[in-house]
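Encoded as structure tokens, the structure appears first; notes follow it.
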Amino acid sequence: MGFFQKPFGYEPILTKDDVKQVVKKKKGPRATDWKSTLLRLWKIVDEQRVLLIIVLLLVLATSILSLLGPYLIGKMIDMYVTHGELAGLEKGIMLLIGIYALLAVSLFLQNYWMIGVAQQT
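Mapping the sequence shown onto the UniProt record's numbering, position 17 (from 1) lands on 17, and the numbers just tick up by one.
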């Protein structure tokens, strides 16, 4: 019966003071030469460079597709739904299904290949 009387009666791992102390700590120095850091990273992923470029292109494609879906939904509402003409709506819905299917595939491949690059580096 004690559990139902005091549902969160466990002992906290951290107190509020512990959290405040961690937040107040200053971070280490930041890198000032970001170009050489990127160059070093580029050399490290030498074996996976082509796959990394493909992943970066997939990031771009994913961004475009994720913006295109809501944009087309708005256009379809403006063109068909507000005017009461639902004749062309089927084509728009099929286009949206295709866009979101491509988005899902590009997200999957982007994540799958990036995990592979990270594990082999």
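Heads up, the beta-carbon is just placed ideally off N, CA and C, and yes, glycines get one too. On a predicted model such as this, the values are computed, not experimentally measured, just so you know.
| For Leu86, three-class secondary structure by DSSP | For this step, residue 86 is matched to residue 86 along the sequence shown. Leu86: coil per DSSP, three-state reduction.
| Taking all protein chains shown into account, do 16 or more other C-beta atoms lie within 10 angstroms of the C-beta of Leu67, making it buried, or fewer, making it exposed? | Counting from one through the sequence shown, the residue named residue 67 turns up at place 67. Leu67 should be labelled exposed.
| task | Please classify Gln120: is it buried, with 16 or more other beta-carbons within 10 angstroms of its beta-carbon, or exposed? | result | In the sequence shown, counting from the first residue as 1, residue 120 sits at position 120. Exposed: under 16 other Cβ atoms inside 10 Å.
| field | Top-ranked residue by Cα proximity to Leu109, from Gln48, Thr62 and Ile99 | value | The count along the sequence shown starts at 1 and reaches residue 109 at position 109. Per the Cα distances, Thr62.
| task | Determine the contact status of Leu96 and Leu65, defining contact as a CB-CB distance below 8 Å. | result | Taking the sequence shown and counting its residues from 1, the one referred to as residue 96 is at position 96. Taking the sequence shown and counting its residues from 1, the one referred to as residue 65 is at position 65. Taking 8 Å as the Cβ cut-off, Leu96 and Leu65 do not qualify as a contacting pair.
| Cutoff 8 Å; reference residue 137; Cβ partners in own chain excluding five residues on either side | Residue 137 lies beyond the residue range present for the chain, which begins at 1 and ends at 121; the question has no answer from this structure.
| Neighbour-count burial assignment, Gln21, 16 or more Cβ in a 10 Å radius | Within the sequence shown, residue 21 is the residue found at index 21, counting from 1. Exposed, since its Cβ has fewer than 16 Cβ neighbours within 10 Å.
| Closest residue to Leu72 among Trp42, Tyr100, Leu51 and Glu47 (Cα-Cα distance) | For this step, residue 72 is matched to residue 72 along the sequence shown. Out of Trp42, Tyr100, Leu51 and Glu47, Tyr100 has the C-alpha closest to the C-alpha of Leu72.
| query | At which residues does the alpha helix (DSSP H) containing Met76 begin and terminate? | reply | Residue numbering aside, residue 76 sits at position 76 when the sequence shown is read from its first letter. Note, Met76: alpha helix (DSSP H), Arg49 to Met76.
| query | Are Ile44 and Trp113 touching if we call contact CB-CB under 8 Å? | reply | Taking the sequence shown and counting its residues from 1, one reaches residue 44 at position 44. Taking the sequence shown and counting its residues from 1, one reaches residue 113 at position 113. Not closer than 8 Å, so no.
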